[in-house]
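First to last, the sequence lines map onto chains Z and V. Each residue of the first sequence is one higher than the one before, starting from 74 at the first, in this note's numbering. Each residue of the second sequence is one higher than the one before, starting from 74 at the first, in this note's numbering. Here is the structure we will look at.
Number of protein chains: 2
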Amino acid sequence: MESPKRKPGCPLQLVTLNMDAKKCEVNEDALGRLEKRLKEMGAKMVAIVSVMGAFRTGKSFLLDLFLRFLKWEADHPEEAAAARSESQPARGGNEDFPLPAWITTAGANIEGASEDDEGFRFKGGMDACTEGIWVWSEPFLRQLNGQEVAVLLMDTQGAWDSNMTKEQSATVFGLTAVLSSKQIYNINMQIQEDKVENLAYFMRFAQAELNKAASEMEREGKPLSREEIDRPFQSLDFLVRDWRHFRDDWTVEQCMEQMQQHLSRHVNPQKMVENSTAEALHAMFKRLQCFCLPHPGLIIEKDTWTGKVADINRDFIRFMDLYVRDVFTTGLSTKNILGSELSTMSFPHVLRNFVDAFHDAAPAAMSFTQAMTNCTVLLAKEAAMKSFIKKMDEEASRNPRGMKPEEFTSISRTVTQQVEDDYKSMTIFGSDDTRKDTWTEICKNLDNLRQRYEEDNARRLEKALVAFANISLIGLALFLLDRISDWTCDWWSQTCTDLSKLMLLAYVLIFGYVGVQAYLALHDRGRVAAAMAGGELWKEMVRLMGLYGELLQEMELKEVPGWLKEQALNLYNQATGGAASSDSKNKKD
Amino acid sequence: MESPKRKPGCPLQLVTLNMDAKKCEVNEDALGRLEKRLKEMGAKMVAIVSVMGAFRTGKSFLLDLFLRFLKWEADHPEEAAAARSESQPARGGNEDFPLPAWITTAGANIEGASEDDEGFRFKGGMDACTEGIWVWSEPFLRQLNGQEVAVLLMDTQGAWDSNMTKEQSATVFGLTAVLSSKQIYNINMQIQEDKVENLAYFMRFAQAELNKAASEMEREGKPLSREEIDRPFQSLDFLVRDWRHFRDDWTVEQCMEQMQQHLSRHVNPQKMVENSTAEALHAMFKRLQCFCLPHPGLIIEKDTWTGKVADINRDFIRFMDLYVRDVFTTGLSTKNILGSELSTMSFPHVLRNFVDAFHDAAPAAMSFTQAMTNCTVLLAKEAAMKSFIKKMDEEASRNPRGMKPEEFTSISRTVTQQVEDDYKSMTIFGSDDTRKDTWTEICKNLDNLRQRYEEDNARRLEKALVAFANISLIGLALFLLDRISDWTCDWWSQTCTDLSKLMLLAYVLIFGYVGVQAYLALHDRGRVAAAMAGGELWKEMVRLMGLYGELLQEMELKEVPGWLKEQALNLYNQATGGAASSDSKNKKD
């Protein structure tokens, strides 16, 4: 007997794969139909339960069992309430677990085994059935924390089959992560690090998208709390199928205890040797759980199985019964995206937005080996550049006045050789070609750098005389003073004449000194280099004059005597070992 | 009955994990023992069969069956030869597959289930048993292509358990790849893309090490063929356990056909949407196969199973029998590393070398998400730098004479803002912190770049007058000529006086023009800038003078009239539209 509220429903393909454009698309027909049903039901909020995992690991079979449970609870609310408090025969005893009402009421065969639209289609066979993202057309109205919420069941395409591009995988699984209140990661046999990492990869991808959306919101003046950004997802269950390690004589509690241990062994950062991925998962999800289901029996796996409920292993049904109650009763909450609850109104909008966003971001999706190849190549490039820069800087600081061009060429060649030797001992993923191509690219970059260093070196060479700018300025000043005194006082003052002679001696010495230095520095580089260096010396002198001029302007002229006195006092203090300053301090006291 | 040649043997741990140093180490005791046995046996060449895969997927169980087979064949050579031609009841009929002699002769229980050293220890339980790399202490002498070869059986630690660091995983699995003639990748249920990629990751790692070794050899003058470098590994089997898809009524041939299909669906580049990883695998291995084994029965999985042969599913044994013959008879060859066959002498040396090499390379090992994070971060950095450089170069080329300092500041600020906006829309893996840290690092790099552009800009500003160097040179020359004529001929020649006046006019005009330009360019930048620009102008003039001087020296002075004539002819030709040149051509005809 169906309740008048509930329509039978069918699976709707919400997101389809467009193989030509290598992208995913929203199926607007299906979304429209779902939107209409959400409006009719009248619930304001949405909760989404999704199942993801590798292809052909029984995801749709699981969803069909979920459907049986949800339909039965919707149709038989009183019996459902009664069933919750019913006690079951303990595990490990001789009594078989009785088939619960929810699994038998809808018929002797599980829906998905047949070709009609009664359930999510699953087959035991070799071809994966689910493509893109599917959703059950009929939301289920349930009470969560006293609120009436529309619960949606979502099925995603099997991961790591060979018929999706990286872009599409990133979209399908990223979208699932962004939209789900509860995400069930269906895995076979046991939690393994590779599986955890593959999951974390898609979660990271989804998180990157949410980060972008968050920074968009911040720019629009809607700041979010750190918690909302750093912990963007709600609940994740590792659902281990075909679990082999429940002993026949254990109670349910002992089995639960083992599930906890299994989770903590593989996803507890404290217990792991390499814990960055586990830490990241814990940081991203508000709730992380593990549930193990035993093997439902080898007959279920055959192509020829018709979906007969009676064939399913009773221990499997016992744990399934526990799990389904946990998922839809205690473990579920409304969907929350970036700080706001997902409503029946906003759901279609959010879905469309994120499909677009993931498509734009998809080129960043790559395989593990691609990522490693890119990563090692980029790191090698960075290391080569850094090492070249470091070594050339060292050489340059060893020759502050510049190296001769031929010397520069030989040094830069040696450094390049060293960088190449270092490069050869670096680990580069990929074929020999990748290795060679990377080196070619590095060479191109090094050439650019070498050019820059060559220019710097040339400039340094030109500045060979710049260090003499101060002393030349003094010489120039003395020369000018001498000229002035020739005209103004030499003809009447003996002091002036004497000073004049002194100055003459000083500036002749200075110019002689600078001249000799210039000759030493430049005699083997030709006249042009000498003239260029002269030009640079002139520029430096002009710059210094400007500087001193500004300095003088800044100090009021009146302050000059005070400043001079201060300098003299400092000198005196230095000479007497600070006795004067301590004296003045004492006086103040 | 054991053959006198063969000792019982036990598992030896060749490579151990050192958890403190996060590295792997060669167990010298075990290696010494193995080396001694290899010498005693007298075979020259080695073939190594190794099994790798996730933890607790029945690798050791498989190896124990291999051991039974190898021991039996060694002890019963005649019966083994006879068994090869024996026919078996066809699959799909009513007759059960009989237990082959090799599986029953050694006893009713498989060795590894007990605690003694009779086999590779396996347990059905939750704790993984194998750590590091193990090898069976007794090599088996077998005839491969008419050559007597020592066959070693190797067991590797389960991958993707949480008790190995990335460094150790890279070493254990890389080493297995480098050393194996035949590598058996033991996987559960089906080939999946994630499994293929995880495998390819370790193979890439091993390949990178071999590439390094190859380039070392090349440097030492032992060049290798491209084939040896690009296809470094020999044989890889995907061994799918618990395969569900053999129909009960199929023949063995139909099952084999299905295995082929399964392999090609997931590892054939032509059939896959994303084929780079599959292509890489095909490029790396000389031989790539798939073999599927059905489920050996749920009882085998229980902790309580004692290893009773009779419990094992007969269909499993049928395919096991086929597989074991393929592995050790048709599918095996001697180990070849980088062009040379591995001998019993070189084996210990090669093992030690590669353990060291992998340890040195290990820091490059990282998890998928780490790799993606690094990759996106490095790419974002590169993109930001490139975009900044591109935009600043555009701005600079728009202002060839430099921008005013305040203009430069505002432009560089705008460009930085644009780069930041672009950065925000980039996909970065990792938390919000990663995003912010990356931006901080980019900012540091941008600051360095900005400084460089600022210096370039300042230099460009200083060169404001450099464009006038040529015309100033002419002015200077005219001025000098005028002076010379003042002293030499103005007092006796009217022509000289007239020319002098003309030159005076010309150089006054020139200096006036340059002066106005200088004023326009520099009037709002102060006297210092003007003097600096004067210095640069001087330098450029000197440079040009040097250049012209060299040019003149290069041309013999005698050539000058000829050169002038040529230039004049060119001018004439241009004026007459090439008529002269065609005339001269006609004359030649």
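No residue lacks a Cβ here, since even glycine has one placed at the ideal position from N, Cα and C.
Start-to-end residues for the alpha helix (DSSP H) that takes in residue 561/Z:
For residue 561/Z, the uninterrupted alpha helix (DSSP H) run begins and ends at 542–561, by DSSP.
**Asked** Going by Cα to Cα distance, which pick from 518/Z, 484/Z and 420/Z is closest to residue 453/Z?
**Response** That would be 518/Z, whose Cα lies nearest to the Cα of residue 453/Z.
Grab the span of the beta strand (DSSP E) containing residue 89/Z for me, first residue to last. Following the DSSP letters along the chain, one finds residue 89/Z inside the beta strand (DSSP E) bounded by residues 84–91.
request  = In angstroms with no decimal places, state the Cα-to-Cα distance between residue 566/V and residue 572/V.
outcome  = Going from the Cα of residue 566/V to the Cα of residue 572/V covers about 10 Å.
So which residues of chain V does residue 475/Z contact, with C-beta pairs closer than 9 Å? Neighbours of residue 475/Z on chain V: none; closest Cβ ~15 Å, over 9 Å.
I'd like to confirm something about residue 295/Z: is its beta-carbon nearer than 6 Å to some heavy atom of the ligand GDP, or not? In the structure shown, the ligand GDP is absent, as is every other ligand, since no ligand is present at all.
task: Taking 8 Å as the threshold, find out whether the stretch 133–140 of chain V comes into contact with the stretch 216–234 of chain V through three or more Cβ pairs.
output: Put simply, the stretch 133–140 of chain V touches the stretch 216–234 of chain V. At least three CB pairs are less than 8 Å apart.
message: Going by C-alpha to C-alpha distance, which of 511/Z, 180/Z, 445/Z and 491/Z sits closest to residue 465/Z?
response: Measuring from the Cα of residue 465/Z, the nearest candidate turns out to be 491/Z.
Assumed close pair residue 253/V, residue 121/V - CB separation to whole angstroms, cut-off 8 Å:
So it is a contact: roughly 5 Å between Cβ atoms.
Through-space distance from residue 516/Z to residue 486/V, alpha-carbon basis:
As the crow flies, the alpha-carbon of residue 486/V is around 31 Å from that of residue 516/Z.
- Does residue 592/Z have its Cβ less than 7 Å from a Cβ in chain V? Taking CB atoms only, residue 592/Z has no neighbour in chain V less than 7 Å away.
- Item | First and last residue of the uninterrupted beta strand (DSSP E) at residue 105/Z | Counting along the chain, residue 105/Z falls outside any beta strand (DSSP E), though it belongs to the alpha helix (DSSP H) covering 101–114.
If the criterion is Cβ atoms closer than 7 Å, does the pair residue 428/V and residue 99/V meet it? Residue 99/V is positioned such that its CB atom lies closer than 7 Å to that of residue 428/V.
Quiz item: Taking the runs of the alpha helix (DSSP H) that are 4 residues or longer, which of them lie wholly in the stretch 350–422 of chain V?
Solution: List check, alpha helix (DSSP H) in window: 387–398.
As assigned by DSSP and simplified to three states, the class of residue 310/V: Three-state result, residue 310/V: strand.
For residue 225/Z, list the residues DSSP reports as bridge partners. Residue 225/Z pairs with 121/Z.
Notebook entry, point to check: Around the C-beta of residue 200/V, are 16 or more other C-beta atoms found within 10 angstroms, so that it is buried, or is it exposed?
Noted result: The predicted model places residue 200/V with a pLDDT of 48, which falls under 50 and marks its position as unreliable, so this point remains unresolved.
Taking a contact to mean a Cβ-Cβ separation below 7 Å, would you say residue 207/V touches residue 178/V in this structure? Going by beta carbons, residue 207/V and residue 178/V fall outside the 7 Å limit.
_If you reduce the DSSP assignment to three classes, tell me which class residue 260/Z lands in._
Looking at residue 260/Z - three-state DSSP - the assignment turns out to be strand.
* Asked: Which residues in chain Z sit within 7 Å of residue 303/V, going by Cβ to Cβ distance?
  -> Listed along the chain, the chain Z residues whose CB falls inside 7 Å of the CB of residue 303/V are 504 and 505.
Please name the residue in 262/V, 558/V, 335/V and 271/V whose C-alpha comes closest to that of residue 315/Z. If we check each option's Cα against that of residue 315/Z, 262/V comes out closest.
Original post:
Nearest chain V C-beta to residue 440/Z closer than 7 Å, yes or no?
Top reply: Yes, its Cβ sits closer than 7 Å to a Cβ of chain V.
Practice item. Mind listing the chain V neighbours of residue 443/Z? Cutoff is C-beta to C-beta under 7 Å, in chain order. Key: Those are 349, listed as they occur along chain V.
Min CB distance residue 656/V to chain Z below 7 Å:
Since pLDDT at residue 656/V reaches only 44, below the 50 mark, its modelled position is unreliable, and the value read off the structure follows with that caveat. Not an interface residue.
Quick check: what's the CA-CA separation for residue 626/V versus residue 617/V? Using only the alpha carbons, I get a separation of about 14 Å.
If you measure from the beta carbon of residue 328/Z to each beta carbon in chain V, is any gap under 7 Å?
Interface criterion not met: the Cβ of residue 328/Z is under 7 Å from no Cβ in chain V.
According to the neighbour-count rule (16 or more other Cβ atoms, all chains shown, within 10 Å of its Cβ), is residue 321/Z buried or exposed? Counting Cβ neighbours within 10 Å, residue 321/Z comes out exposed, since fewer than 16 surround it.
With 7 Å set as the bound, which would you pick, yes or no: does the beta-carbon of residue 337/Z sit closer than that to a beta-carbon of chain V?
By this cut-off, residue 337/Z is not an interface position.
Output the distance between the C-alpha atoms of residue 407/Z and residue 308/Z, rounded to the nearest integer angstrom. In a straight line, the C-alpha of residue 407/Z is about 11 Å away from that of residue 308/Z.
**Request:** In the DSSP assignment, find the unbroken beta strand (DSSP E) run with residue 215/Z in it and report its ends.
**Result:** Its beta strand (DSSP E) spans residues 213–217.
*asked:* Mapping the DSSP letters down to three states, classify residue 167/V as helix, strand or coil.
replied: Shown here, residue 167/V sits in coil according to DSSP, grouped into three states, outside any helix or strand.
8 Å Cβ shell around residue 58/V - same chain, five flanking residues per side excluded: Outside the modelled stretch of chain V, which goes from 74 to 662, sits residue 58/V, for which no answer is possible.
Discussion item. Can you check which of these residues, 549/Z, 97/Z and 267/Z, is closest to residue 578/Z by C-alpha distance?
Written reply: Ranked by Cα distance from residue 578/Z, the options 549/Z, 97/Z and 267/Z are led by 549/Z.
Looking at the C-beta of residue 501/V, does it have a partner C-beta in chain Z at a distance below 7 Å?
Interface with chain Z (7 Å Cβ-Cβ cutoff): residue 501/V is included.
Notebook entry, point to check: Taking Cβ-Cβ distances shorter than 7 Å, what residues in chain V pair up with residue 288/Z?
Noted result: Within chain V, the residues near residue 288/Z are 497.
Exercise for review: Report the three-state DSSP secondary structure of residue 197/V (helix, strand or coil).
Suggested key: With a pLDDT of 42 at residue 197/V, under the threshold of 50, the predicted position of this residue should be treated as unreliable, though the coordinate-derived value follows. Reduced to three states, the DSSP call for residue 197/V is coil.
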